[in-house]
Structures are given as structure tokens and as C-alpha cells.
Ligand code: GLN
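Residue numbers (the numbering used here): 3 to 287.
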């Protein structure tokens with residue numbers, strides 16, 4: 003079987019299994035298997051796959067057909083250009099979260115470099131904390147998560163991206179994790195907390211429902227439990243003129259504004275994702 007034939011056959015299979023963008027997904031898996039950039043496949047359409055390659059591709063396509071996320075199969079994803087290893091213990095970093103990280107490091111760049119600090123609550127894979135530390139070299143960053151397994155992976159990702167010495171990783175539930183923190187006053191508090199209403203988790207795509215950790219998705223009855231905690235607890239850890247930036251789910255913008263305003267925050271901006279849905283709230287005291 004040639005590369006082109008393998009792509010066509012596999013894409014058809016994935017399409018029947020309800021996988022979105024089946025051809026792209028196939029090409030990414032084959033490129034991963036053959037250790038070449040995806041575009042290079044196009045120069046190799048006539049290449050005949052070896053029997054071991056065909057067998058290995060079949061296995062990968064079968065896993066994807068069972069709706070295992072591409073990033074779990076390849077073991078990593080790119081976040082703001084930094085490679086993040088992912089596994090079952092962390093949410094797969096999403097493109098819209100890159101916008102939160104970008105807003106974060108742009109703000110950090112305006113703060114006095116000799117003392118600049120950031121906190122990433124619910125760090126998961128560590129993606130936000132790592133991008134902030136990498137883009138803002140003077141920054142000291144604290145990253146927290148309730149899951150010890152997630153923190154192990156986040157530390158590994160920080161090492162892999164050369165920023166581990168500037169990120170303090172702390173286990174704990176929300177602000178309680180800061181009890182032993184070396185830094186307790188931040189220029190920026192960033193968070194992409196779990197925000198799916200509990201009852202809606204069952205309706206998510208299988209890639210999310212069956213493979214992202216439930217802990218990283220479940221935002222309680224109305225999906226907003228973590229924002230209430232953030233709005234009530236964050237001011238104590240914010241420097242004067244510091245900002246909080248949080249990602250939230252599609253349709254939650256008005257509720258988010260109310261939650262923060264009723265805790266005396268001034269909502270400065272609500273930013274949109276790539277599909278023009280309001281997804282990030284920026285607030286200060
Ligand atoms: N901060 C991580 C991310 O944005 C994890 C978020 C989460 O687990 N809810 O990917």
C-alpha cells in the first residue's frame with residue numbers, strides 16, 4: 003500500500019467513526035509514525051509502506067477510531083510553540099487557551115521586571131505557567147493543581163522547556179495550595195479552571211468526555227463554582243494594579259461578569275476566541 007492509498011483508506015475509516023477532519027487526522031498520525039513533517043507526506047505519496055509501518059499505522063488509526071484524542075496517541079501537543087507532553091491526568095491544552103497565555107505575558111511585560119510574578123491556578127499540563135515563564139524571562143511563576151499526577155507532568159514539561167527553575171509547583175485545592183508558597187503576591191493571576199456544568203459532561207465529544215480527566219472538566223452544577231472561588235479569593239494574592247485573567251466556556255460571559263463585579267472587581271475586558279466567542283475575562287480591583 004502506498005502512502006496515498008493508506009491516507010485515503012484510513013481517512014475514510016475515521017470519517018465513518020465520526021472523527022472530525024479525518025484526512026488531516028490521518029496525515030498527522032502517519033507523519034508522526036514516519037517521523038516526518040506532514041507536508042513531506044505529499045512528496046512521498048507513491049512511497050510503499052513497509053509491512054511493519056502498515057501494521058503500526060493500523061494500530062494508530064484504530065485507536066483514533068475509538069475516539070482517543072490525537073494528542074494522547076502522539077503523546078504531546080504544541081502550546082504557544084512549546085511542546086507539552088500530555089497524558090490521561092491532564093486536560094489537552096486548547097488553542098483558545100493560548101490567547102489567555104498571550105494576554106498574560108503581554109501584561110507581565112508592562113510590570114517592573116525585578117519583581118514580576120504570576121500565578122497559574124489549575125495548571126494541568128503546566129501549559130499556561132510554562133508559556134508565561136518562557137515569554138517573560140524575569141518572571142517568577144507559581145503553578146498549582148489539586149492533582150499530584152498533573153503536577154508531575156507539569157514539572158516534566160517545565161523541565162523540557164527550560165523554565166523549571168522559575169516555576170514553583172504546589173499541590174492543593176485552589177488558593178489553599180499557596181499556604182507554603184514562597185511568593186504570595188502576584189502581578190497576574192491566570193486560570194483556565196474546569197467550567198463544564200456537571201450534567202453536561204456526558205454530552206461532550208468522546209475525545210473530551212472519555213479522555214480528558216473529569217477533574218479538569220467539572221465546574222459543578224452550573225459550571226461556575228471555580229469562578230466564585232476565584233472572584234472571592236484572588237484579591238488577597240494580587241499586587242496593587244495586578245490583574246486576573248480567566249478563561250470560561252461559551253455562553254458564560256454574562257454570568258462571569260456578574261460574579262466578578264459582585265465581588266468588587268472591575269471587568270476591564272472580555273476577549274474572544276478564534277471563532278469570535280467571548281472566552282476570556284480580564285479584571286482588576
Ligand atoms: N491550565 C490547564 C490548561 O489550560 C488545565 C486546565 C484544566 O485542567 N481545567 O490546559
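Just so it is clear, CB atoms sit at the ideal spot from N, CA and C, and this is done for glycine as well.
As the structure is a computational prediction, the values presented were derived from the model and not from experiment.
- Counting only the same chain and skipping the five closest in sequence on each side, list residues whose C-beta sits under 6 Å from that of residue 50. Residue 50 sits at position 48 when you count from the first residue of the chain shown. Within the same chain, residue 50 has close Cβ partners 4.
- Is residue 318 near ligand 1, with its Cβ less than 7 Å from a heavy atom? Since the displayed the chain opens at 3 and closes at 287, residue 318 lies outside it and no answer follows.
- For residue 20, count neighbouring Cβ atoms within 10 angstroms of its own Cβ and tell me buried if that reaches 16, exposed if not. Counted from its first residue, the chain shown places residue 20 at position 18. So residue 20 ends up on the exposed side.
- Item | Contacts around residue 69, its chain only, beta-carbon distance under 6 Å, and the 5 residues preceding and following it disregarded | As a position in the chain shown, residue 69 is number 67, starting the count at 1. For residue 69, where only same-chain residues beyond five positions count, the Cβ hits under 6 Å are 208 and 209.
- Query: Alpha carbon to alpha carbon, what distance is there between residue 71 and residue 17?
  - Reply: Indexing the chain shown from 1 puts residue 17 at position 15. Indexing the chain shown from 1 puts residue 71 at position 69. The alpha-carbon atoms of residue 17 and residue 71 are separated by roughly 14 Å.
- In three-state DSSP terms, what is residue 245? The sequence position of residue 245 within the chain shown is 243, counting from 1. Residue 245: strand per DSSP, three-state reduction.
- Query: Would you say residue 98 and residue 275 are within 8 Å of each other, going by their C-beta atoms?
  - Reply: Locating residue 98 in the chain shown gives position 96, counting from the first residue. Locating residue 275 in the chain shown gives position 273, counting from the first residue. Taking 8 Å as the Cβ cut-off, residue 98 and residue 275 qualify as a contacting pair.
- Cα-Cα, which of 63, 211 and 180 is closest to residue 94? Looking up residue 94 in the chain shown gives position 92. Comparing Cα positions, the closest option is 211.
- Classification of residue 73 by the beta-carbon crowding that lies within 10 angstroms, buried from 16 upward: Reading the chain shown from its first residue, position 71 is the one you call residue 73. Its Cβ being crowded by 16 or more others within 10 Å, residue 73 is buried.
- ligand 1 heavy atoms versus the CB of residue 130: any closer than 7 Å? By 1-based counting over the chain shown, the position of residue 130 is 128. Under cutoff, so the answer is yes.
- Limits of the beta strand (DSSP E) - the one that residue 119 falls within: Here residue 119 corresponds to residue number 117 of the chain shown, with the count starting at 1. Looking at the DSSP string, the run of the beta strand (DSSP E) that includes residue 119 is 119 to 123.
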